[in-house]
Every structure is written in structure tokens, then in C-alpha cells.
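The block underneath contains the structure these notes are about, expressed in C-alpha cells.
Following this line, the structure appears as C-alpha cells:
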């Protein structure tokens, strides 16, 4: 898979198609440790629940 990264990137798609998975992979590939990734995911999940 090839993704052209620019200054701004918008990922659009239906639920459960892999948008978050793509972002997690990019985060790991760009140097985030697993601990940093889990910390970011925990904050994002809390924000998502607050929006429900």
C-alpha cells in the first residue's frame, strides 16, 4: 500500500474499514513506541466515549 503524505491528510470512510488501524500503523512506522501509541489510543477512546 502506498500513501502520499502531505501537510494535511484527510482519511474518510465508513465505520470498521481500517481508518484507525492505518493511523496506528503510521504512528508506529514514524517512531512512536508501543507505550506512546497505547497512551494516545486511551485518550482518543475517552474522547470518543465522551462524544456519545
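Residue numbers (my numbering): 28 to 79.
Note that beta-carbon positions come from the ideal geometry of N, C-alpha and C, so glycine has one too.
Owing to the predicted nature of the structure, the values given are computational and were not obtained by experimental measurement.
Can you tell me whether residue 60 is helix, strand or coil according to DSSP? Translated into positions along the chain shown, residue 60 becomes position 33. Three-state result, residue 60: coil.
Taking C-alpha atoms, which residue in 61, 69, 72 and 53 lies nearest to residue 36? Numbered from its first residue, the chain shown carries residue 36 at position 9. Per the Cα distances, 53.
Rounded to whole angstroms, how far is the Cβ of residue 68 from the Cβ of residue 55, which I believe are closer than 8 angstroms? Translated into positions along the chain shown, residue 68 becomes position 41. Translated into positions along the chain shown, residue 55 becomes position 28. Contact flag wrong, Cβ pair sits at about 12 angstroms.
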